[in-house]
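Chains as they are written, first to last, in our numbering: chain S, 11 to 244; chain F, 10 to 416.
For glycine and all other residues, C-beta sits at the position ideal for the given N, C-alpha and C.
These numbers come from a predicted model, not from an experiment.
The block underneath contains the structure these notes are about, expressed in structure tokens.
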Amino acid sequence: MEVTKVENVSRIYKVGKVETQALRDVSLGIENGEFTALVGPSGSGKTTLLQLIGCLDQPTSGKVMVNGKDVSRLKRNQRADIRRGTIGFIFQFFALIPTLTAYENIELPLLLNRENATARRARVNELLEAVELTDRAHHKPDQLSGGQQQRVAVARALATRPSLILADEPTANLDTANGKQIMELMTRLNQETGVTFVFATHDPRVIKYARRVITLRDGVVVENGALPTVNPGD
Amino acid sequence: MIQLFKMAYRDLGRNRRRSFLSALALGIGLAILMMMDSVIVGEMSSAIDAAIKLQSGDMQVRAATYNEDKTSLAWEDLVANPTAVADQIGAIPQVKVATPRLFASGIVTAGDQSVGVKVVGIDPASTANAPFQEGMVSGQFLTADDREGVLIGKTLSDKLGLQSGDTINLLVNTSNGDVASQSFIIRGVFNTKIPGYDETTLFMPLLKAQAISGAQDHASVIFINLKDRSQAQAVANAIKSGGYQVKTWQQLNQLILDTETLANTYIVVLYLIVLAITATVIVNTLVMAVFERTREIGILSAVGMRSGRIMTMFFIESILLSILGIGIGIVLGTLLVAYTVNIGIYIGNFGFTGILFGERLMGGFSLQNSINLAIMALVVTLIASIYPAVLAARMEPVVALHGGKQA
Numbered sequence: 011m012e013v014t015k016v017e018n019v020s021r022i023y024k025v026g027k028v029e030t031q032a033l034r035d036v037s038l039g040i041e042n043g044e045f046t047a048l049v050g051p052s053g054s055g056k057t058t059l060l061q062l063i064g065c066l067d068q069p070t071s072g073k074v075m076v077n078g079k080d081v082s083r084l085k086r087n088q089r090a091d092i093r094r095g096t097i098g099f100i101f102q103f104f105a106l107i108p109t110l111t112a113y114e115n116i117e118l119p120l121l122l123n124r125e126n127a128t129a130r131r132a133r134v135n136e137l138l139e140a141v142e143l144t145d146r147a148h149h150k151p152d153q154l155s156g157g158q159q160q161r162v163a164v165a166r167a168l169a170t171r172p173s174l175i176l177a178d179e180p181t182a183n184l185d186t187a188n189g190k191q192i193m194e195l196m197t198r199l200n201q202e203t204g205v206t207f208v209f210a211t212h213d214p215r216v217i218k219y220a221r222r223v224i225t226l227r228d229g230v231v232v233e234n235g236a237l238p239t240v241n242p243g244d
Numbered sequence: 010m011i012q013l014f015k016m017a018y019r020d021l022g023r024n025r026r027r028s029f030l031s032a033l034a035l036g037i038g039l040a041i042l043m044m045m046d047s048v049i050v051g052e053m054s055s056a057i058d059a060a061i062k063l064q065s066g067d068m069q070v071r072a073a074t075y076n077e078d079k080t081s082l083a084w085e086d087l088v089a090n091p092t093a094v095a096d097q098i099g100a101i102p103q104v105k106v107a108t109p110r111l112f113a114s115g116i117v118t119a120g121d122q123s124v125g126v127k128v129v130g131i132d133p134a135s136t137a138n139a140p141f142q143e144g145m146v147s148g149q150f151l152t153a154d155d156r157e158g159v160l161i162g163k164t165l166s167d168k169l170g171l172q173s174g175d176t177i178n179l180l181v182n183t184s185n186g187d188v189a190s191q192s193f194i195i196r197g198v199f200n201t202k203i204p205g206y207d208e209t210t211l212f213m214p215l216l217k218a219q220a221i222s223g224a225q226d227h228a229s230v231i232f233i234n235l236k237d238r239s240q241a242q243a244v245a246n247a248i249k250s251g252g253y254q255v256k257t258w259q260q261l262n263q264l265i266l267d268t269e270t271l272a273n274t275y276i277v278v279l280y281l282i283v284l285a286i287t288a289t290v291i292v293n294t295l296v297m298a299v300f301e302r303t304r305e306i307g308i309l310s311a312v313g314m315r316s317g318r319i320m321t322m323f324f325i326e327s328i329l330l331s332i333l334g335i336g337i338g339i340v341l342g343t344l345l346v347a348y349t350v351n352i353g354i355y356i357g358n359f360g361f362t363g364i365l366f367g368e369r370l371m372g373g374f375s376l377q378n379s380i381n382l383a384i385m386a387l388v389v390t391l392i393a394s395i396y397p398a399v400l401a402a403r404m405e406p407v408v409a410l411h412g413g414k415q416a
């Protein structure tokens, strides 16, 4: 079953009188449980496509489906509701709330989902253990390394057990070792939980983890297929 | 909601100095308003009290044609047989004291200086004179049979360089339109602490005042003090007969009451202006916070926080800032109010016709007004914070995530 599908999607940004076409008539589908990379050079439309699938933005034309539901024309709060229950995000810049501890950052989506305290505590502890940060639970982001912050972001993305996790250049601000650690973590969580990961990157060291690679260039999908089998550990 | 409070509280703590200064601005504004309110409450209350005590009494009975603006001494404008009338009124149970008083215009001359005064003929034995007797600063009070003695206020005595025992010359208007002149000895000097009153009032025994002005057995008014001021209208109804004017303290001090109403109206406008200015500081702080935290707003939105909650978070920040500001305001305001209540603000000889001000503006404390002011400060700040809260809530997540720029 397709967790998300885009049909003939275009996105045009207007800045003053200047129009920039970020996506041109893109169509593709992502199946449940995929571990897919969106690749392409800077400005190719990777981030725009992630934002549209993630209900952060709306297409100028075309249709975006998430779990079979058309989300293209939903209102602001309806899109927030879809994101809260269905989609987790990992951003390049870690994107943690600086005033909250690691524990509280992971707990935030659960609070927004109105889960009870016992369930929240159990889930946050489970995730802290999964990302190996139990001992850093009560540290604020500025007391964590970049790699640790991104692991907190991964845990937060998984908190509400979403069906889809979107990661925009998740390793771009990390050194090689931390980048590798994050990709191995995402791979493991994909295999263990079956949650779908779609990540944008142009880093060849990251691309090799993907089981499917979609290549974009100038807002158009130029390749939509699977990579030859590679060993992520290489 | 608790999490929103926690986030809002911690967000304020990120820039403690800015948050504190914003709250301080609101606090100072509120404190100044509390002091202004205190002065108005206190001064209006003391102006009424002073006017009743010194000028109007709780009630007055006058001849039907008496016009206080003209200080007429024509017999037809005066109360005949005033002592008998006063005794009759004094027999009414609610009346504490009723005493005749005669008013005349006069000019005091001492050396080469002359000052216009209001000559008041009083029955020296009446308890209605207590405010003057208690305020004697030198000499002695008058006696009923004193034919040469007068009392003058401290301000007049200072102005003319006079003291008890000195002699003055007094010109007084008379009933037949002439002017009478006589030398008097200053028996004593009184101080009511109302400089405007003390400068323009001269007392002499009623009998002497009647004699020099030609009023004979007449008085301008029967001055009445009641046991309970709220009974004024009931007593007025009881004695309305015989062609007299009966005036209650409200009618006699209409100018002060109107001034109080006007002041209360103006002060509300002033409150709103001052609070709006201070609220602007808080709005500025919140707008800066919104722009500084644009990316975080995007993150909150990305994890599924609805616009309403984002707005609520900024409202909570505004409420917390307001509470801190109001707390500071109450502490500072209480100190200022305590100062105005206990020490007062020196203004010297200031006042205008019809309203008596003391040499110090003395405050009064109204808990109700202080609570109203604090609530008003909170409401004005909340209204003012609608803009930054809406600004945050209406940010498109994709724009906010890129720090306010289009992707």
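- Excluding five sequence positions before and after residue 409 of chain F, the CB atoms of its chain that fall closer than 7 Å to its own CB belong to 303, 304, 306, 307 and 310, given in chain order.
- Taking the Cα positions, residue 66 of chain S is about 8 Å away from residue 90 of chain S.
- At a cut-off of 8 Å between C-beta atoms, residue 109 of chain S counts as an interface residue with respect to chain F.
- For residue 86 of chain S, the chain F residues whose C-beta falls within less than 7 Å of its own C-beta are 316, listed in chain order.
- At least 8 Å separates the CB of residue 399 of chain F from every CB of chain S.
- Taking 8 Å as the CB threshold, residue 204 of chain F stays off the interface with chain S.
- Put simply, the backbone Cα of residue 105 of chain F is about 49 Å away from that of residue 334 of chain F.
- Inclusion of residue 228 of chain F and residue 91 of chain F in the CB contact set at 8 Å is warranted, their separation being smaller than that value.
- As for any beta strand (DSSP E) of minimum length 3 sitting wholly inside the segment 57-88 of chain S, the runs are 71-76, ordered along the chain.
- In this chain, residue 41 of chain S is not harboured by any alpha helix (DSSP H); it is covered by the beta strand (DSSP E) spanning 28-41.
- Within chain S, the C-beta atoms nearer than 8 Å to that of residue 16 of chain F come from 107, 109 and 110, in chain order.
- The C-beta of residue 46 of chain F comes no closer than 8 Å to any C-beta of chain S.
- Under a criterion of Cβ atoms nearer than 7 Å, no residue of chain S is adjacent to residue 295 of chain F; the nearest Cβ is some 16 Å distant.
- For the segment 54-72 of chain S, the set of positions with a beta-carbon nearer than 7 Å to some beta-carbon of chain F reads 57, 58, 61, 66 and 67 in chain order.
- For residue 290 of chain F, the closest C-alpha among the options F:378, F:244, F:34 and F:283 is that of F:34.
- In this structure, the CA atom of residue 129 of chain F is about 16 Å from the CA atom of residue 154 of chain F.
- About 6 Å separates the CB atoms of residue 326 of chain F and residue 20 of chain F; that is less than 8 Å, so the two are in contact.
- The Cβ-Cβ distance between residue 210 of chain F and residue 194 of chain F does not fall below 8 Å.
- Assignment of beta strand (DSSP E) within the segment 156-221 of chain F, counting only whole runs of 3 or more residues, yields 158-162, 176-182, 188-199 and 210-214 in chain order.
- Closer than 8 Å to the CB of residue 133 of chain S there is not a single CB belonging to chain F.
- Looking at the DSSP output, residue 57 of chain F bridges to nothing.
- Excluding residues up to 5 positions away in sequence, 119, 122, 123 and 170 lie with their Cβ nearer than 8 Å to the Cβ of residue 94 of chain S in the same chain.
- Short of 6 Å from the beta carbon of residue 215 of chain S, and not among the five residues preceding or following it, lies no beta carbon of its own chain.
- For residue 19 of chain F, the chain S residues whose C-beta falls within less than 7 Å of its own C-beta are 109, listed in chain order.
- By the beta-carbon neighbour count (other beta carbons within 10 angstroms, threshold 16), residue 192 of chain F is exposed.
- Residues of the same chain with a CB within less than 7 Å of the CB of residue 74 of chain F, apart from the 5 flanking positions on each side, are 85 and 86 in chain order.
- Separation of residue 375 of chain F and residue 50 of chain F (C-alpha to C-alpha, rounded to the nearest whole angstrom) is 7 Å.
- Along the segment 149-162 of chain S, none of the residues has a CB nearer than 9 Å to a CB of chain F.
- Nearest CB-CB separation between residue 305 of chain F and chain S: below the 8 Å threshold.
- At least one CB of chain S lies nearer than 8 Å to the CB of residue 23 of chain F.
- In the structure shown, residue 394 of chain F falls within a coil segment according to DSSP collapsed to helix, strand and coil.
- Nearest neighbour of residue 328 of chain F by Cα position, chosen from F:206, F:314 and F:395, turns out to be F:395.
- In this structure, residue 16 of chain F lies away from residue 382 of chain F, with their beta-carbon atoms at least 8 Å apart.
- Counting other Cβ atoms within 10 Å of its Cβ, residue 136 of chain S stays below 16 and is therefore classed as exposed.
- DSSP places residue 223 of chain S in the uninterrupted beta strand (DSSP E) bounded by 222-227.
- Per DSSP, the continuous alpha helix (DSSP H) segment holding residue 18 of chain F begins and ends at 11-23.
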